[in-house]
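Converting from the sequence shown to our numbering requires adding 745 to each position, the first position being numbered 1. The C-beta atom is built at its ideal place from N, Cα and C for all residues, glycine as well.
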Amino acid sequence: MDRRFQMVTGFEPRGDQPRAIAELTEGLERGVPFQTLLGVTGSGKTFTAAKVIEHQQRPTLILAPNKTLAAQLYGEMRDLFPHNAVQYFVSYYDYYQPEA
746 MDRRFQMVTG FEPRGDQPRA IAELTEGLER GVPFQTLLGV TGSGKTFTAA KVIEHQQRPT
806 LILAPNKTLA AQLYGEMRDL FPHNAVQYFV SYYDYYQPEA
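And the structure:
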């Protein structure tokens, strides 16, 4: 079974996306510990991140700040990577309470 991460999409990177993909990929290859992808709503950040995953061929953990965005990201990544395992986990705790 081929376990390569391969995007299934009719879109190609546009605008600033090719540069962002290249810079994020280069940063990962150099071992840069933290990188930030900035963009307005609808600018293609998820597509850009998916392209980086495809380039790197590494399993990836994506964190979202809320349940709505987590569900949206899950759906988009599942659609972009239909031949790969895309998992979804949401904590149903309303708040974190450390043990005393």
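Cutoff 7 Å; reference residue i; Cβ partners in own chain excluding five residues on either side
i    : result
L782 : A765, L769, K790, T793 and A794
A830 : none
L818 : T791, I807 and A809
DSSP state of residue i mapped onto helix, strand, coil
i    : result
V797 : helix
P810 : coil
M752 : coil
G820 : helix
A815 : helix
T781 : coil
For residue i, the first and last residue of its enclosing alpha helix (DSSP H)
i    : result
P763 : Q762 to R775
Beta-carbon proximity list for residue i, same chain, < 6 Å, skipping 5 on both sides
i    : result
V835 : K812 and A815
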